[in-house]
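Only one structure is covered here, and it is reproduced in the block below.
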Amino acid sequence: MPMFAKIKIRYKILILFTLFTLVLLLTIVVYFYINGIKYVKEQAVEKCNNYTVQFVNILEEEIRHSVIEIAGLRTQLSFIPTDGNDIPPPEFADAVEAFLHTYANKYSSITIFNKNLDSVARLSPVRLFTGDLVIQRDIRSINTLIMKNPATIAKDYTGKELVFSNISKSDTGIYIVSTFDEMTAWNLLFILRLDAIAEKGIQTINLDREATIAIYDSAGITVFCSDKKYIHQAVSQLIDENHSFIFNDDNTELMLSSSVLTKSWIDVIGAALLVKFDIASSVQQLNNLTFQAIIFILILFSSITMIVITISNKISKSISEIAHVADNVAAGNLDQTINVSRKDELGVLINSFNQMVENLKVSYRNLRITNKELEDKIEELTTTKAKLSEKERLAVIGETVSKISHEIQNKIGGVSIWIQNLEMQYADDETARIYIDEIKNTLNSFLHMLVNFKRFYRVPNLNKSLTDFGVLIENVIENFKTDSESKRVNFALDIDANIPEVFLDPQLIEEVILNMLINAVYFSPENGTIYVRCTQIEGGIEIEIADEGPGVNDQITGKIFQPFFTTKSSGSGLGLAIVKNIIKAHSGSITVSNREAGGACFRITLPVYSS
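Here it is as structure tokens:
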């Protein structure tokens with residue numbers, strides 16, 4: 012801290028600004044990035060869960076539809092007489108073949124079997140190279156049925172159609188057994204293709220390209236996957252060999268660096284469903300956006316730093332000049348003045364300091380005159396002393412001292428104020444004492460700013476009257492033209508002749524128009540034109556004041572009406588803020604925009620009230 016105290020003001024401003032801005036910007040970027048990653052993963056988990064619910068619902072719905080289709084076939088077959096034969100009539104196979112023609116892509120085979128016989132008839136749809144569909148019939152041993160290898164009963168949908176699961180690499184399907192009444196020994200075994208209903212589920216849920224859905228058996232082998240290259244492969248290839256996640260019976264989720272996975276058990280098929288959502292592209296987009304934000308922040312930071320350096324250099328130069336002159340004044344050289352011209356608060360301080368030095372010179376001169384007069388009076392008193400008796404001398408001395416005291420008090424009354432302010436505090440530090448007294452004497456210079464500041468936070472007290480607005484504007488411009496002659500600015504007036512009289516405070520509105528004209532003249536180029544237009548709009552009037560200056564930067568448009576914000580080299584930054592308060596008190600509005608031809612345009616709207 013002692014080293015920091017010795018650093019010049021401009022470097023202090025630059026160091027503090029740099030540290031504060033960098034910490035703020037880095038905090039914003041880190042917060043944005045961390046929450047961005049969190050949001051991406053949360054969205055991925057939500058999508059995975061939604062896909063899981065939708066996909067399982069579609070599988071169950073497809074199985075229910077299949078059970079209804081099978082029930083319809085069973086009803087059709089129940090009308091075919093069997094006559095108690097052990098061999099099914101030909102109509103059985105014909106009806107089943109017609110059924111397979113209709114649902115060739117859905118069922119891989121239908122087996123007709125009798126639990127009392129050793130052989131079964133199996134019908135399977137086969138697609139030839141020509142594209143034609145044929146039904147292949149073959150006779151097999153009853154031992155080839157699913158019942159020889161106990162299957163898991165997933166659901167009993169109708170009481171007669173029993174759904175089994177046989178999910179493995181060699182034979183992927185859902186088995187549905189349809190039984191007839193007790194009088195008929197014939198039964199049907201339908202093998203519903205898992206890949207067919209799964210593909211339909213993928214199409215229905217409109218799967219994202221970043222998402223992958225896989226179904227795998229208890230051995231961890233993928234029996235279906237939306238990405239074909241993983242079919243009949245170890246599911247661990249999808250999830251980086253995390254076997255504990257694969258064989259966990261619970262419905263769980265796993266977050267990896269580049270993907271999010273959810274796993275759930277599908278009771279209806281007796282297998283596990285894995286949904287993987289790749290977030291690498293989203294993370295890359297977030298990284299790119301963060302990098303662009305950092306580049307933009309660095310450019311913005313560099314621009315603001317250059318502005319701060321320029322401003323701090325100007326302030327430091329002025330303060331150095333003030334310190335140099337103050338040292339000379341403290342040494343007794345009252346002929347020194349600060350030759351720095353500024354129009355801001357520092358300029359007011361410089362003017363006050365120069366005025367203080369001038370007042371000290373006058374007071375010091377008056378004090379010398381008073382001292383000379385005092386010496387003359389004392390000499391006169393000494394001369395007459397010898398001529399008077401003791402009593403007379405006392406009377407004369409009393410009268411003389413009274414006159415001299417009164418005269419001295421009158422002469423040095425003003426001087427005593429400056430001397431007291433210079434000698435009251437910091438008796439051991441002459442320079443600090445001068446600075447403190449200077450600050451006290453310049454407090455009055457801030458009176459105007461204080462008044463404006465109070466006006467900004469106080470609701471204006473309106474003294475409204477019915478006013479001819481067109482005449483008001485013309486009078487303000489006519490009176491203002493003399494102030495704008497130094498820049499030789501022209502005025503272009505366009506005032507609607509049908510503008511009605513407006514119920515407003517004419518004095519405050521004149522202040523608003525005058526303030527806007529002052530701003531327009533300040534930013535107008537030499538021989539530029541200021542455009543003033545006043546028109547009637549629905550429910551009120553609209554006033555536009557535009558110039559041909561540089562216009563308003565889009566980055567500061569939202570700040571231009573804030574207190575203490577200014578783009579001028581001088582000014583308190585309260586003018587437009589007070590203007591906005593006055594317009595707001597009249598239930599109006601004020602906005603700023605840039606003209607297409609160049610320059611800024613302020614637009615004021617005021618409502619029209621009947622008296």
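Its first residue numbered 12, the sequence shown is counted upward by one per residue in our numbering. Just so it is clear, CB atoms sit at the ideal spot from N, CA and C, and this is done for glycine as well. Since this is a predicted model, take the numbers as computed values, not measurements.
Cβ-based neighbour list, residue i, same chain, cut-off 7 Å, excluding 5 preceding and 5 following
{"i": "N60", "result": "T273"}
{"i": "P536", "result": "E559, G560"}
{"i": "L525", "result": "V487, F491"}
When the options are compared against residue i, the one with the closest alpha-carbon
{"i": "I601", "options": "T546, F613, I250", "result": "F613"}
{"i": "N68", "options": "I310, K372, L284, I506", "result": "L284"}
{"i": "H112", "options": "F140, S89, Q147, A82", "result": "Q147"}
{"i": "G47", "options": "T38, S293, R151", "result": "S293"}
{"i": "F572", "options": "V532, K595, G184, E553", "result": "K595"}
{"i": "N362", "options": "E332, K383, Y42, R379", "result": "E332"}
{"i": "I541", "options": "P574, D505, I208, I322", "result": "D505"}
{"i": "W197", "options": "Y241, V279, P92, N564", "result": "P92"}
{"i": "T546", "options": "K58, I556, Q54", "result": "I556"}
{"i": "R75", "options": "Y241, M527, I208", "result": "I208"}
{"i": "T29", "options": "R544, F364, D565, L309", "result": "L309"}
{"i": "V340", "options": "N526, N382, S329, N365", "result": "N365"}
{"i": "S604", "options": "S598, M266, N564, A82", "result": "N564"}
{"i": "N592", "options": "I389, V41, K58, P471", "result": "P471"}
{"i": "Y44", "options": "Y241, T301, A245, V246", "result": "T301"}
{"i": "G212", "options": "T190, V188, R220, S237", "result": "S237"}
Coarse secondary structure for residue i, derived from DSSP in three states
{"i": "P471", "result": "coil"}
{"i": "D238", "result": "coil"}
{"i": "A230", "result": "coil"}
{"i": "N217", "result": "coil"}
{"i": "V563", "result": "coil"}
{"i": "N605", "result": "strand"}
{"i": "T183", "result": "strand"}
{"i": "N8", "result": "Given a span of 12 to 622 for the chain in the structure shown, any question on residue 8 remains unanswerable."}
{"i": "W544", "result": "Note that residue 544 is Arg in the sequence shown, not Trp. If DSSP states are grouped into helix, strand and coil, R544 belongs with the strands."}
{"i": "D338", "result": "helix"}
{"i": "V137", "result": "strand"}
{"i": "T578", "result": "coil"}
{"i": "I524", "result": "helix"}
{"i": "Q147", "result": "strand"}
{"i": "M317", "result": "helix"}
{"i": "N377", "result": "helix"}
{"i": "K202", "result": "Note that residue 202 is Ile in the sequence shown here, rather than Lys. Three-state result, I202: strand."}
{"i": "G409", "result": "With a pLDDT of only 38 at G409, under 50, the local geometry of the prediction cannot be trusted, and the value read off the model is given with reservation. It is helical."}
{"i": "V11", "result": "No answer is possible for residue 11: the residues shown for the chain start at 12 and end at 622."}
{"i": "I571", "result": "coil"}
{"i": "T348", "result": "coil"}
{"i": "P618", "result": "strand"}
{"i": "G212", "result": "helix"}
{"i": "I250", "result": "coil"}
{"i": "S535", "result": "coil"}
{"i": "N127", "result": "coil"}
{"i": "E551", "result": "Sequence inspection shows Gly at residue 551; the Glu mentioned does not correspond to that position. Reduced to three states, the DSSP call for G551 is strand."}
{"i": "L585", "result": "coil"}
Cβ shell of residue i (< 6 Å), same chain only, five flanking positions each side left out
{"i": "V145", "result": "V137"}
{"i": "V619", "result": "P511, V513, G551"}
{"i": "L297", "result": "G47"}
{"i": "R606", "result": "A557, C612"}
{"i": "L528", "result": "F491"}
{"i": "S268", "result": "none"}
{"i": "K475", "result": "F514, L515, D516"}
{"i": "R6", "result": "Residue 6 cannot be examined here, being either before or after the span of the chain that is shown, 12 to 622."}
Own chain, CB closer than 8 Å to residue i, minus 5 neighbours either side, in chain order
{"i": "T478", "result": "E512, V513, F514, L515, P517, I520"}
{"i": "F312", "result": "T32, L33, L36"}
{"i": "K492", "result": "F502"}
{"i": "P101", "result": "none"}
{"i": "D387", "result": "none"}
{"i": "L405", "result": "Reliability fails at L405, whose pLDDT of 37 lies under 50, so the model's placement of it is uncertain and the value that follows must be treated cautiously. Cβ neighbours of L405 beyond the five flanking positions: none."}
{"i": "L134", "result": "A104, V107, E108, L111, S120, I121, T122, I123, I146, Q147, R148"}
{"i": "K58", "result": "D219, A222, F288"}
{"i": "V626", "result": "This structure leaves residue 626 out entirely; the chain is present only between 12 and 622."}
{"i": "A608", "result": "E559"}
Any chance you could list the alpha helix (DSSP H) runs of at least 4 consecutive residues sitting entirely within the stretch 61-121, in chain order? 101-113
Touch test, the stretch 225-243 against the stretch 24-31, Cβ-Cβ under 8 Å, three pairs minimum: no
Report yes or no: do the stretch 104-124 and the stretch 203-222 share at least 3 C-beta pairs separated by less than 8 Å? yes
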